[in-house]
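Heads up, the thing below is written out as structure tokens.
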Amino acid sequence: MASKAKRPCSEIGCRELTTERFCQDHKREDDQRRGSAAQRGYDARWRSAREAYLRQHPLCVDCMKDGKAMAANVVDHIVPHKGDKRKFWDRSNWQSLCKKHHDQKTVREDGGFGR
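The sequence shown begins at 36 in our numbering and counts up one residue at a time.
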């Protein structure tokens with residue numbers, strides 16, 4: 036199997052090549068700024084709630100708007116919670132999306148992944 040092509044690190048000014056978003060040095064810095072997924076609330080409790088929500092809402096809401104029936108695999112926070120636990124756990128702020136639509140929403144709202 037072919038390996039991923041290397042590209043420059045996403046840290047401005049870094050010329051290190053990597054197969055990830057950041058080189059090893061800048062990945063650690065990014066992780067420290069954002070905190071781990073578990074530190075941001077995406078822990079076992081979230082995984083369980085996510086699975087239950089996807090069972091109840093199995094189709095991507097954006098695909099359905101386009102007249103397509105595509106399985107959802109992401110539970111998205113409609114309004115970003117930005118660490119607010121009340122928004123994080125508010126199920127009326129959740130929607131089911133396919134990965135494609137979630138990625139598009141993330142770029143549109145944040146200017147990129149995790150920014």
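Every residue gets a Cβ at the ideal spot worked out from N, C-alpha and C, and that includes glycine.
Start and end residues, beta strand (DSSP E) containing residue i
{"i": "VAL109", "result": "109-112"}
Cα-Cα separation between residue i and residue j, rounded to whole angstroms
{"i": "CYS49", "j": "PRO43", "result": "7 Å"}
{"i": "SER83", "j": "SER127", "result": "17 Å"}
{"i": "HIS116", "j": "CYS98", "result": "23 Å"}
{"i": "GLY102", "j": "VAL96", "result": "10 Å"}
{"i": "TYR88", "j": "GLU55", "result": "30 Å"}
{"i": "LEU52", "j": "GLN91", "result": "42 Å"}
{"i": "ASP60", "j": "LYS41", "result": "16 Å"}
{"i": "ASP145", "j": "PHE123", "result": "17 Å"}
{"i": "PRO111", "j": "LEU132", "result": "Checking the displayed sequence, the identity of residue 111 turns out to be Asp instead of Pro. Distance between the alpha carbons of ASP111 and LEU132: 7 Å."}
Status (buried if at least 16 other CB within 10 Å, exposed otherwise) for residue i
{"i": "PHE148", "result": "Since pLDDT at PHE148 reaches only 49, below the 50 mark, its modelled position is unreliable, and the value read off the structure follows with that caveat. Under this definition PHE148 is an exposed residue."}
{"i": "VAL142", "result": "exposed"}
Endpoints, the alpha helix (DSSP H) within which residue i is located
{"i": "LEU94", "result": "Premise fails: LEU94 is in no alpha helix (DSSP H) and is neither H nor E."}
For residue i: DSSP bridge partner residues
{"i": "PRO43", "result": "LEU52"}
Any chain C beta carbon closer than 9 Å to residue i
{"i": "GLN59", "result": "In summary, chain C is missing from the structure at hand, where a single protein chain is found."}
Test item: CB-CB of residue i and residue j under 9 Å
{"i": "HIS137", "j": "VAL114", "result": "no"}
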